[in-house]
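Chains A and B supply the protein sequences, listed in that same order.
Each residue of the first sequence is one higher than the one before, starting from 1 at the first, in this note's numbering.
Each residue of the second sequence is one higher than the one before, starting from 1001 at the first, in this note's numbering.
All C-beta atoms in this analysis are idealised placements derived from N, C-alpha and C, irrespective of residue type, glycine included.
A short write-up of the structure that comes next.
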Amino acid sequence: GAVVSQHPSWVICKSGTSVKIECRSLDFQATTMFWYRQFPKQSLMLMATSNEGSKATYEQGVEKDKFLINHASLTLSTLTVTSAHPEDSSFYICSAPRAGVWEQYFGPGTRLTVT
Amino acid sequence: AQTVTQSQPEMSVQEAETVTLSCTYDTSESDYYLFWYKQPPSRQMILVIRQEAYKQQNATENRFSVNFQKAAKSFSLKISDSQLGDAAMYFCAYTSGGGADGLTFGKGTHLIIQP
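As structure tokens, this is what we get:
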């Protein structure tokens, strides 16, 4: 099956700093990628859709100036959490649909801890 | 907006027995996809089974099968011959837009397998 990677798998940062999370499709091209957030013992919530060559679209209630998304190429999307605060601590997961296949391939997730 | 409801926060089943996880959804779309994902402690999302709304036949994947009731907007997952490795969180998910949109997840069901 198709492979999606994320880097880093775990990051700890200080409050007020920014942190970047990468999502890569390793063996297919993805014009669209999705970013989800999962709080402990909760479900996944769609944050935004990353579009190659255009601006990301954000779900209602997600601050676009705080969660910057850049779809730099057909295999890479990045999520930057700016001015991170402890309440941003969460598990961030990306996914990418593969053209012609009605399935989304998920990355392994990134655990963000803000101290 | 679409909603996905899983009313069973936790289910327990004896090894080798059969268990059914419930899911209902609400949508005004006619073309959509439904999924069951498994999330083990590693937190990697694993696709268990997929159902296209236009297909009347229930999907099956080895020990996993669904009961898709389109009129009732119900999409339950049956796991036969339960194995210890089936223990995980199970999420029901929905997407429309030809399968290229983000997923809406239910709150999940924690499945425990009793040896």
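Residues of chain A with a CB under 7 Å from the CB of residue i: which are they?
i	result
ARG1043 of chain B	PHE91, GLY109
LEU1047 of chain B	GLU103
GLY1108 of chain B	SER43
Note down the Cα distance separating residue i from residue j, rounded to an integer number of angstroms.
i	j	result
ARG98 of chain A	THR82 of chain A	29 Å
PRO8 of chain A	ALA1072 of chain B	42 Å
TRP10 of chain A	GLN1056 of chain B	43 Å
CYS1023 of chain B	SER50 of chain A	28 Å
LYS20 of chain A	LYS55 of chain A	17 Å
LYS1070 of chain B	PHE34 of chain A	27 Å
ILE12 of chain A	ALA1059 of chain B	42 Å
GLN42 of chain A	GLY1108 of chain B	8 Å
LEU68 of chain A	THR80 of chain A	5 Å
SER89 of chain A	TYR58 of chain A	19 Å
ALA84 of chain A	SER1065 of chain B	42 Å
LEU112 of chain A	VAL1019 of chain B	35 Å
HIS1110 of chain B	MET1045 of chain B	14 Å
ILE1112 of chain B	GLY53 of chain A	44 Å
GLY1102 of chain B	LEU46 of chain A	7 Å
PRO108 of chain A	VAL4 of chain A	8 Å
ARG24 of chain A	TYR1094 of chain B	23 Å
THR78 of chain A	ILE1079 of chain B	37 Å
Would you say residue i reaches chain A, if we count a Cβ-Cβ gap shorter than 8 Å as a contact?
i	result
PHE1105 of chain B	yes
GLU1052 of chain B	yes
Any beta-carbon of chain B closer than 8 Å to the one on residue i?
i	result
GLU63 of chain A	no
TRP102 of chain A	yes
SER25 of chain A	no
SER43 of chain A	yes
On the DSSP bridge assignment, give the partners of residue i in chain order.
i	result
GLU1052 of chain B	B:TYR1033
PHE67 of chain A	A:VAL81
GLN38 of chain A	A:LEU44, A:PHE91
ASP1086 of chain B	DSSP output for ASP1086 of chain B lists no bridge partner at all.
VAL96 of chain A	Val is not the amino acid found at residue 96 of chain A; the sequence shown has Ala there. Looking at the DSSP assignment, ALA96 of chain A forms a beta bridge with A:TYR105.
PHE1068 of chain B	B:PHE1075
PHE1105 of chain B	B:ALA1093
ASP1026 of chain B	B:THR1003
MET1021 of chain B	One detail in the question is off: residue 1021 of chain B reads as Leu in this sequence, not Met. Looking at the DSSP assignment, LEU1021 of chain B forms a beta bridge with B:LEU1077.
GLN1014 of chain B	B:GLN1114
ASN51 of chain A	A:THR32
List, in order along the chain, the chain B residues whose C-beta lies closer than 9 Å to that of residue i?
i	result
PHE67 of chain A	By Cβ distance, chain B contributes nothing, its closest Cβ being about 14 Å from PHE67 of chain A, past 9 Å.
PHE106 of chain A	TYR1037, GLN1044, MET1045, ILE1046, LEU1047
THR49 of chain A	ASP1101, GLY1102
Just to make sure I have the definition right: I need the residues of chain A whose C-beta is within less than 8 Å of the C-beta of residue i. Which are they?
i	result
ALA1100 of chain B	THR32, PRO97
TYR1033 of chain B	TRP102
Starting from residue i, find everything on chain A with Cβ-Cβ shorter than 9 Å and list it in chain order.
i	result
PHE1075 of chain B	Ordered by position in chain A, no residue passes the 9 Å Cβ test against PHE1075 of chain B, which lies about 15 Å from the chain.
PHE1091 of chain B	SER43, LEU44
Using 7 Å as the cut-off, classify the Cβ of residue i as near or not near the heavy atoms of the ligand ADP, replying yes or no.
i	result
PHE1064 of chain B	Ligands are entirely absent from the displayed structure, and the ligand ADP is therefore not among its contents.
Give a yes or no on contact between the region 59–75 of chain A and the region 1006–1017 of chain B, applying the rule of three or more CB pairs nearer than 8 Å. Segments in contact, no.
Any contact of the region 1012–1019 of chain B with the region 1096–1106 of chain B, i.e. 3+ C-beta pairs under 8 Å? no
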